[in-house]
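Shown next, in structure tokens, is the structure this report addresses.
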Amino acid sequence: TAVAAAAAAAEGKHGRPGAKNEQQKQKPRARNVGKQKAVSRPSCGRRTNFGYDRDFERRYSIGKLLGHGQFGYTFVATDKANGDRVAVKRIDKNKMILPIAVEDVKREVKILKALKGHENVVHFYNAFEDDTYVYIVME
1 TAVAAAAAAA EGKHGRPGAK NEQQKQKPRA RNVGKQKAVS RPSCGRRTNF GYDRDFERRY
61 SIGKLLGHGQ FGYTFVATDK ANGDRVAVKR IDKNKMILPI AVEDVKREVK ILKALKGHEN
121 VVHFYNAFED DTYVYIVME
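Each residue of the sequence shown is one higher than the one before, counting from 1 in my numbering.
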């Protein structure tokens with residue numbers, strides 16, 4: 001009956017009060033269709049070669065954390081050649097899942113390069129990458 005169905009729904013599938021809420025909090029599980037296993041794919045950014053210099057670790061040492069965002073962290077860093085302090089935005093390639101995220105990073109570097117020397121924009125020094133991160137070095 002409708003009353004019994006409503007009571008069962010209110011108590012949850014297992015007849016416990018609050019079980020419905022527990023079920024709603026659980027993430028849905030993908031059903032195993034056939035006997036194929038899910039294939040683990042590397043993220044889009046991880047597969048991307050940005051074409052930036054690859055010698056960040058040789059040229060800079062990372063220091064104190066300044067802040068973080070959706071894709072990465074910003075640190076104080078020191079130029080090993082002259083001791084200058086810079087800001088480094090370190091962006092995790094693994095978090096760049098969609099191609100648009102890769103394009104956003106490329107666009108950011110391109111814009112910073114184009115605005116280099118503008119008095120109202122942070123000074124851009126260089127962009128680097130390794131297998132895990134993209135590094136954007138600024139004043």
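C-beta: ideal position from N, C-alpha, C; glycine also.
Note that the coordinates shown come from a computational prediction; the quantities given were computed from them, not determined experimentally.
Counterpart residues of residue i in DSSP-defined beta bridges
| i | result |
| --- | --- |
| residue 126 | 137 |
| residue 53 | 128 |
| residue 65 | 75 |
| residue 91 | 72 and 134 |
| residue 85 | 78 |
Near the ligand NAD: residue i beta-carbon under 7 Å from a heavy atom
| i | result |
| --- | --- |
| residue 65 | Within the structure as shown, the ligand NAD is missing, as the structure has no ligands at all. |
Separation of residue j from residue i, as counted between CA atoms
| i | j | result |
| --- | --- | --- |
| residue 122 | residue 139 | 6 Å |
| residue 51 | residue 128 | 8 Å |
| residue 136 | residue 69 | 14 Å |
| residue 119 | residue 109 | 18 Å |
| residue 91 | residue 133 | 5 Å |
| residue 64 | residue 99 | 30 Å |
| residue 81 | residue 117 | 22 Å |
| residue 55 | residue 107 | 21 Å |
| residue 113 | residue 58 | 22 Å |
| residue 53 | residue 71 | 20 Å |
Same chain, Cβ closer than 6 Å to residue i, neighbours up to 5 away in sequence not counted
| i | result |
| --- | --- |
| residue 42 | A caution first: residue 42 carries a pLDDT of 49, below 50, which makes its placement in the model unreliable, though a value can still be read off. Within the same chain, residue 42 has no close Cβ partners at all. |
| residue 131 | none |
| residue 45 | 93, 96 and 102 |
Nearest-angstrom beta carbon gap, residue j and residue i [assumed within contact, 8 Å]
| i | j | result |
| --- | --- | --- |
| residue 88 | residue 74 | 7 Å |
Interface flag, residue i vs chain B, CB-CB below 8 Å
| i | result |
| --- | --- |
| residue 99 | Protein chain content of the structure displayed is limited to a single chain, and chain B is not contained in it. |
Close Cβ partners of residue i (< 8 Å) along its chain, the five nearest in sequence each way excluded
| i | result |
| --- | --- |
| residue 84 | 78 |
Close beta carbons around residue i, own chain, < 7 Å, minus the five adjacent residues each side
| i | result |
| --- | --- |
| residue 140 | A query on residue 140 cannot be resolved here, the shown segment of the chain reaching from 1 to 139 and no further. |
| residue 61 | 77, 78 and 80 |
| residue 124 | 112, 113, 116 and 138 |
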